[in-house]
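Peer 1: First the structure, which I've put down as structure tokens, then a few questions once you've had a look.
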Amino acid sequence: MKAPISKPVNDTQRAFNELCEKGGGVKGGPARGKVLALLKESGQSLNKMATSEMTSHLAAFPSANPWHVCFAVGLSWGHLAQLDLEFTEAVCNVLSDWNIADLNTAKSFHLERGPTPIEQSLTGAHMLFGKVTLPKTLPDTLDKLGRAQERWLSPILNPKERPPYIGAWNATSMFMTALFGQPALATSQKSPPPMLPPGGPIFAGLKLLHSTSILSKSPAGSELDDASFEPGAIYENNGLFAELCAQLADWSLIDVHSGVYMLGTRHPHSGNWV
Numbered sequence: 068m069k070a071p072i073s074k075p076v077n078d079t080q081r082a083f084n085e086l087c088e089k090g091g092g093v094k095g096g097p098a099r100g101k102v103l104a105l106l107k108e109s110g111q112s113l114n115k116m117a118t119s120e121m122t123s124h125l126a127a128f129p130s131a132n133p134w135h136v137c138f139a140v141g142l143s144w145g146h147l148a149q150l151d152l153e154f155t156e157a158v159c160n161v162l163s164d165w166n167i168a169d170l171n172t173a174k175s176f177h178l179e180r181g182p183t184p185i186e187q188s189l190t191g192a193h194m195l196f197g198k199v200t201l202p203k204t205l206p207d208t209l210d211k212l213g214r215a216q217e218r219w220l221s222p223i224l225n226p227k228e229r230p231p232y233i234g235a236w237n238a239t240s241m242f243m244t245a246l247f248g249q250p251a252l253a254t255s256q257k258s259p260p261p262m263l264p265p266g267g268p269i270f271a272g273l274k275l276l277h278s279t280s281i282l283s284k285s286p287a288g289s290e291l292d293d294a295s296f297e298p299g300a301i302y303e304n305n306g307l308f309a310e311l312c313a314q315l316a317d318w319s320l321i322d323v324h325s326g327v328y329m330l331g332t333r334h335p336h337s338g339n340w341v
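Numbers given in the working numbering equal positions in the sequence shown, counted from 1, plus 67.
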């Protein structure tokens, strides 16, 4: 099979291309076991960094609402803002007590998409936190975390109630970061709940895995991060994560998610992440 990724940006993608060229799998595609091992190694390597980042941010703000910390780090990992303790502090302050000074500080950490998406995300999140009552501490079981996610998603799933700029990423990333803040809990997850975030790199990675006969079906939704909110696609694609997870021992859903992300990302710096 011809290498499917033109201009790979990281070692995961280069290794995947090599596996495709070697063949040995279904319909001349890559060998399933080797692809799964690659995703596992890549995902677990990225997750070491993510766990370190998340636990350090939670530890830095012990008196803050932990959900606010999780939302802040989710914005950074969504490439809207630089990952920085000062940014996280400003987000926690503005979500707990809306004020222009902290909002402007948070906006100053914007990346290439500018300050507006940060302000829109925080506006929507502030409205949501006012509507939804979440546990005071991060849930310590997957079921409890899933129930918290259901509460958070309830107004988002209603088009008339959904706050501005709360799309699929902002609707789910907070629960992924909450898992990274509790690595033992994250390691135990083999299937939803909670649901892990979609996004362009995830869609692209899942699509590659389907086109090379590793996955049984193509992902749902769109490759565009700013596409309309499609809750059904979140559920379907989390089912694909679970399908992959079940095929290999000693990894978790969040390892699958991160491995697929590394396979699908076009971020030029991703080669330095693992």
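For glycine and all other residues, C-beta sits at the position ideal for the given N, C-alpha and C.
Return the chain-ordered ranges of every alpha helix (DSSP H) run that is complete within the region 296-320 and spans a minimum of 4 residues.
Peer 2: Here the runs fully enclosed are 298-312.
Peer 1: Are at least three pairs of beta-carbons, each pair with one atom in the region 272-289 and one in the region 167-178, less than 8 Å apart?
Peer 2: Too few Cβ pairs lie closer than 8 Å, so no.
Peer 1: Less than 8 Å between the C-beta atoms of ALA215 and PRO206, yes or no?
Peer 2: One-based indexing of the sequence shown puts residue 215 at position 148. One-based indexing of the sequence shown puts residue 206 at position 139. Yes.
Peer 1: Can you tell me whether ALA148 is helix, strand or coil according to DSSP?
Peer 2: Your numbering for residue 148 matches position 81 in the sequence shown. Three-state result, ALA148: strand.
Peer 1: Closest to THR239 by C-alpha separation, out of GLU228, LYS257 and TRP219, would be which residue?
Peer 2: Within the sequence shown, the letter at position 172 stands for residue 239. Ranking the options by Cα distance to THR239, first place goes to TRP219.
Peer 1: Would you say ASP151 and VAL161 are within 8 Å of each other, going by their C-beta atoms?
Peer 2: If you number the sequence shown from 1, residue 151 lands on position 84. If you number the sequence shown from 1, residue 161 lands on position 94. Result no, Cβ atoms of ASP151 and VAL161 do not sit closer than 8 Å.
Peer 1: Looking only at its chain, what residues have a beta carbon closer than 8 Å to the beta carbon of ALA62, apart from the 5 residues adjacent to it on each side?
Peer 2: Coverage of the chain is limited to positions 68 through 341, which leaves residue 62 absent and any answer about it impossible.
Peer 1: Between GLY343 and LEU330, is the Cβ-Cβ spacing less than 8 Å?
Peer 2: Any question about residue 343 goes unanswered here, given that the chain covers just 68 to 341.
Peer 1: Short check: CB of ALA139 to CB of THR122, under 8 Å?
Peer 2: Counting from one through the sequence shown, the residue named residue 139 turns up at place 72. Counting from one through the sequence shown, the residue named residue 122 turns up at place 55. Cβ atoms of ALA139 and THR122: not closer than 8 Å.
Peer 1: What does PRO97 pair with, by DSSP beta-bridge criteria?
Peer 2: Taking the first residue of the sequence shown as position 1, residue 97 is located at position 30. According to DSSP, which records beta bridges pairwise, PRO97 is partnered with GLY91.
Peer 1: Does the pairing of the region 98-108 with the region 304-320 give three or more beta-carbon distances under 8 Å?
Peer 2: Enough Cβ pairs lie closer than 8 Å, so yes.
Peer 1: Using the C-alpha atoms, what's the distance from PRO184 back to TRP165?
Peer 2: On the sequence shown, residue 165 is found 98 positions in, with the first residue counted as 1. On the sequence shown, residue 184 is found 117 positions in, with the first residue counted as 1. So the alpha carbons of these two residues sit roughly 17 Å apart.
Peer 1: Using beta-carbon positions only, say whether VAL136 and HIS124 come within less than 8 Å of one another.
Peer 2: Walking along the sequence shown from the start, residue 136 turns up at place 69. Walking along the sequence shown from the start, residue 124 turns up at place 57. Yes. Within cutoff.
Peer 1: Could one say the Cβ of SER163 lies closer than 8 Å to chain D's Cβ atoms, at least one of them?
Peer 2: In the structure shown, chain D does not exist; there is a single protein chain.
Peer 1: What is the DSSP secondary structure of HIS336, counted as helix, strand or coil?
Peer 2: Residue 336 sits at position 269 when you count from the first residue of the sequence shown. Three-state result, HIS336: coil.
Peer 1: If you draw a straight line from the alpha carbon of ILE269 to that of MET243, how long is it in whole angstroms?
Peer 2: By 1-based counting over the sequence shown, the position of residue 269 is 202. By 1-based counting over the sequence shown, the position of residue 243 is 176. Rounded to whole angstroms, ILE269 to MET243 spans 14 Å at the Cα level.
Peer 1: Between the beta-carbon of GLU343 and the beta-carbon of GLY288, is there less than 8 Å?
Peer 2: With the chain covering only 68 through 341, there is no way to say anything about residue 343.
Peer 1: Can you check which of these residues, LYS89, ALA98 and ARG81, is closest to GLY338 by C-alpha distance?
Peer 2: Translated into positions along the sequence shown, residue 338 becomes position 271. The shortest Cα separation from GLY338 among LYS89, ALA98 and ARG81 belongs to ARG81.
Peer 1: Excluding sequence positions up to five away, which residues of its chain have a Cβ less than 6 Å from the Cβ of GLN111?
Peer 2: Reading the sequence shown from its first residue, position 44 is the one you call residue 111. Excluding residues within five positions, the ones whose Cβ falls inside 6 Å are ASP322.
Peer 1: Going by beta carbon distance, what residues of the same chain come within less than 7 Å of ALA253, once the five residues before and after it are set aside?
Peer 2: Indexing the sequence shown from 1 puts residue 253 at position 186. Excluding residues within five positions, the ones whose Cβ falls inside 7 Å are LEU246, PHE247, SER319 and ILE321.
Peer 1: Do you know whose CA, among GLU85, VAL76 and LYS115, lies nearest ALA70's CA?
Peer 2: One-based indexing of the sequence shown puts residue 70 at position 3. Of the listed residues, the one whose Cα sits closest to ALA70 is GLU85.
Peer 1: Can you give me the C-alpha to C-alpha distance between GLN314 and PRO259, rounded to a whole angstrom?
Peer 2: The sequence position of residue 314 within the sequence shown is 247, counting from 1. The sequence position of residue 259 within the sequence shown is 192, counting from 1. Rounded to the nearest angstrom, the two C-alpha atoms are 16 Å apart.
Peer 1: Using C-beta distances below 6 Å, list every residue in its chain close to LEU224, excluding the 5 sequence neighbours before and after it, in chain order.
Peer 2: Looking up residue 224 in the sequence shown gives position 157. Cβ within range, chain order: PRO298.
Peer 1: Under a Cβ-count criterion, where at least 16 other Cβ atoms within 10 Å of its own Cβ denotes burial, should SER188 be classed as buried or exposed?
Peer 2: Numbered from 1 along the sequence shown, position 121 holds the residue referred to as residue 188. When all chains shown are included, SER188 counts as buried.
Peer 1: Between the C-alpha atoms of CYS87 and LEU263, what's the straight-line distance to the nearest angstrom?
Peer 2: Taking the sequence shown and counting its residues from 1, one reaches residue 87 at position 20. Taking the sequence shown and counting its residues from 1, one reaches residue 263 at position 196. When rounded, the distance between both Cα atoms is 27 Å.
Peer 1: What are the start and end residues of the alpha helix (DSSP H) that includes HIS277?
Peer 2: Position 210 of the sequence shown, counted from the first residue, corresponds to residue 277. HIS277 -> alpha helix (DSSP H) spans 267-278.
Peer 1: Rounded to the nearest angstrom, how far is the Cβ of LYS274 from that of PRO286, given a contact under 8 Å?
Peer 2: Position 207 of the sequence shown, counted from the first residue, corresponds to residue 274. Position 219 of the sequence shown, counted from the first residue, corresponds to residue 286. Their Cβ separation, rounded to whole angstroms, is 6 Å, which keeps LYS274 and PRO286 in contact under 8 Å.
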